[in-house]
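J.: Once you've had a glance at the structure underneath, I'll fire off some questions.
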Amino acid sequence: MITSLKAMFQEQARTERYQMVKSLVECKLPKDAPVSPHVIKMMGYIDNLGKLDCPISQELATDIILAVTAVELRSVHHEL
57 MITSLKAMFQ EQARTERYQM VKSLVECKLP KDAPVSPHVI KMMGYIDNLG KLDCPISQEL
117 ATDIILAVTA VELRSVHHEL
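First residue of the sequence shown? That's 57 in the numbering used here, and the numbers climb one at a time after it.
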C-alpha cells in the first residue's frame, strides 16, 4: 500500500513540476504591461519548482528571467 501511494504522489509531483516548467517557459510579458509584476510571476514559478524538489540555482534563475525579459523587451522596442 505504501509503495502504491508513493508511486501515485511521485506521478502527481512530476505532473506539477512539468506544469510549472511549462508555465515558466511560456511566461510572456503582455504588451504595455509593467515588467516588475512579470518578473515577480516568473520568480514565483521558480520558487514553486524548488518546493517541488526541483530547485533552480539563483544564477540560472537570473539568466532565465533576463533572457526571457530581454527578448520580450526587444520585441516591444522594435514596435516603437
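Quick reminder that beta carbons are idealized off the backbone N, C-alpha and C, glycines included.
Keep in mind the model is a prediction, meaning the values are calculated, not measured.
1) Among the candidates A117, L108 and Q114, whose CA atom is the shortest distance from the CA of R70?
2) Exposed or buried, which one is Y101 when buried takes at least 16 other CB atoms within 10 Å?
3) Run the CB neighbour count on M76, radius 10 Å, all protein chains shown included, and call it buried at 16 or more, exposed below.
4) Am I right that T125 and V95 are in contact with their C-beta atoms under 8 Å? What's the rounded C-beta distance?
5) Thinking just about the alpha-carbon of each residue, which of I58, S60, I121 and K78 is nearest to the one in V91?
T.: The answer reads as follows:
1) L108
2) buried
3) buried
4) 7 Å
5) I121
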